[in-house]
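The first sequence runs 4 to 262 under the numbering used here. Glycine included, each C-beta is placed from N, C-alpha and C at the ideal position. The structure presented is a predicted model; accordingly, all values stated were derived computationally and were not measured. Below is one structure, written out as structure tokens, with a few remarks after it.
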Amino acid sequence: MPELPDVEGFRRRLDCCGRGCRVTGVEVLDSTILRGVSARRLTSELTGQRLGVPWRHGKWLFAPTDGGPTLGWHFGMTGSLLCGTGREEPHRHDRLLVGLDDGVRLHYRDQRKLKGVSWLREREVDRLLEGLGPDASDMTRAELTEALSDRRGTVKGALMNQSVLAGLGNLLSDEVLWRARIDPRTPARHLDADAVRTLHGAMRRTLRTSVRAERVPPRPSWLTGRRDGPDPTCPRCARRLEATRMSGRRTVWCPHCQR
DNA sequence: ATAAAGTCCTGAAAGC
DNA sequence: TGCTTTCAGGACTTTA
Numbered sequence: 004m005p006e007l008p009d010v011e012g013f014r015r016r017l018d019c020c021g022r023g024c025r026v027t028g029v030e031v032l033d034s035t036i037l038r039g040v041s042a043r044r045l046t047s048e049l050t051g052q053r054l055g056v057p058w059r060h061g062k063w064l065f066a067p068t069d070g071g072p073t074l075g076w077h078f079g080m081t082g083s084l085l086c087g088t089g090r091e092e093p094h095r096h097d098r099l100l101v102g103l104d105d106g107v108r109l110h111y112r113d114q115r116k117l118k119g120v121s122w123l124r125e126r127e128v129d130r131l132l133e134g135l136g137p138d139a140s141d142m143t144r145a146e147l148t149e150a151l152s153d154r155r156g157t158v159k160g161a162l163m164n165q166s167v168l169a170g171l172g173n174l175l176s177d178e179v180l181w182r183a184r185i186d187p188r189t190p191a192r193h194l195d196a197d198a199v200r201t202l203h204g205a206m207r208r209t210l211r212t213s214v215r216a217e218r219v220p221p222r223p224s225w226l227t228g229r230r231d232g233p234d235p236t237c238p239r240c241a242r243r244l245e246a247t248r249m250s251g252r253r254t255v256w257c258p259h260c261q262r
């Protein structure tokens, strides 16, 4: 599930439920989701801390604490962050619960445990960011041009590569390329200035709408709304969509509109 | 059983 | 040729 718009939704949730609150309790329900920190250490160091202003880069969510390290959340393919009252039974996929002094309890929920939660000092946050390209939602056209110019792989591969630009995943990449009418197999560096301009505009518009919806909306007028049907057709030209595997992921596009 | 919206690792290809 | 960087595919994990 989580690409940039989903994680931005989690950030907002954390911002309104958790910002400025003090942590009253930590329950690690499955310690295998902790990265680089033990359950014992996270519990003792996080309890009593006050949460600062949460921020996001790409698909990463960061929750700084006033004195100490920063909680770094990554949601893999199936993760989410929810706010509860603290009285409900934890869901079977809840892996970490964080109780706050405003009565809210945060639930880090994840079916497949592909990623997890880390407890990061400032330089570890910096090191992590060094591996990521600019955040896709505030990337300029010049930055996109620069990011794609040296890439010899496909444009689809480049858009999904978090070190090139951060935030797009499989669904968004396909959606943006479909809107921009660009064949996903095109080598990134073959895109001319016009194509990059179109791609940049498509990315901005797609992200703006998706962030508002906190997901890539599966509307019938979007590629995302069609791709999982039994016999998917293009919302624009009604012809049959093509599906293959690219960079290990299912890729859907319209061979008529995208060339 | 197959496939799934995440990234990491590996062997191989491409570039200098 | 040889070294370095980049790429595509499989592994990881769990369940519908």
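Less than 9 Å separating the beta-carbons of residue i and residue j?
| i | j | result |
| --- | --- | --- |
| G119 | L37 | yes |
| L175 | V219 | yes |
| A183 | L202 | yes |
| D276 | L99 | As displayed, the chain neither begins before 4 nor continues past 262, which places residue 276 out of reach and without an answer. |
| R292 | A246 | A question about residue 292 goes unanswered here, because the residues of the chain that appear run from 4 up to 262. |
| A150 | L180 | no |
| P72 | R108 | no |
| C260 | R243 | no |
| P5 | G82 | yes |
| L49 | R14 | no |
| A42 | V56 | no |
| M80 | R115 | yes |
| A241 | P8 | no |
| R252 | N164 | no |
On the premise that residue j lies in contact with residue i, defined as a C-beta separation below 8 Å, what is that separation, rounded to the nearest angstrom?
| i | j | result |
| --- | --- | --- |
| G61 | A169 | 3 Å |
| G28 | G106 | Incorrect: roughly 12 Å between the Cβ atoms, too far for contact. |
| L226 | V255 | 7 Å |
| G75 | L117 | Actually they are not in contact, since the Cβ atoms of G75 and L117 sit about 15 Å apart, beyond 8 Å. |
| S121 | V10 | Not confirmed; about 15 Å, so no contact. |
| T157 | P187 | 6 Å |
| L54 | T35 | Wrong, their Cβ atoms sit about 24 Å apart, outside the cutoff. |
| L135 | S166 | 6 Å |
| H110 | H94 | 7 Å |
| C86 | R16 | 6 Å |
Could you check if residue i is buried or exposed, using at least 16 other CB atoms within 10 Å of its CB as the buried criterion?
| i | result |
| --- | --- |
| E178 | buried |
| T143 | exposed |
| C257 | buried |
| C20 | buried |
| A66 | buried |
| D113 | buried |
| A139 | buried |
| H193 | exposed |
| S213 | buried |
| G160 | buried |
| V199 | buried |
| R59 | buried |
| D97 | buried |
Does the Cβ of residue i lie closer than 8 Å to at least one heavy atom of the ligand PLP?
| i | result |
| --- | --- |
| G79 | Looking for the ligand PLP in the displayed structure turns up nothing, as the structure carries no ligands at all. |
Quick one: which unbroken beta strand (DSSP E) runs of 3-plus residues sit fully inside the stretch 211 to 258? Chain order, please. As far as the stretch 211 to 258 is concerned, its whole beta strand (DSSP E) runs of at least 3 residues are 245 to 249 and 252 to 256.
Taking 8 Å as the cut-off, does the stretch 228 to 236 touch the stretch 17 to 24 (at least 3 CB pairs, one atom from each stretch)? In short, these stretches do not touch, since the Cβ pair count stays below three.
Please list the segments of the beta strand (DSSP E) lying wholly inside the stretch 129 to 216, counting only runs of 3 or more residues, in order along the chain. Taking only runs of at least 3 residues, no beta strand (DSSP E) segment lies wholly in the stretch 129 to 216.
Could you tell me which whole beta strand (DSSP E) segments of length 3 or greater appear in the stretch 93 to 131? With a minimum length of 3 residues, the continuous beta strand (DSSP E) runs that stay inside the stretch 93 to 131 are 97 to 103, 108 to 113 and 120 to 123.
Quick check for students: name the residue ranges of the alpha helix (DSSP H) that lie wholly in the stretch 8 to 87, counting only runs of 4 or more. Complete alpha helix (DSSP H) runs here, min 4: 42 to 49.
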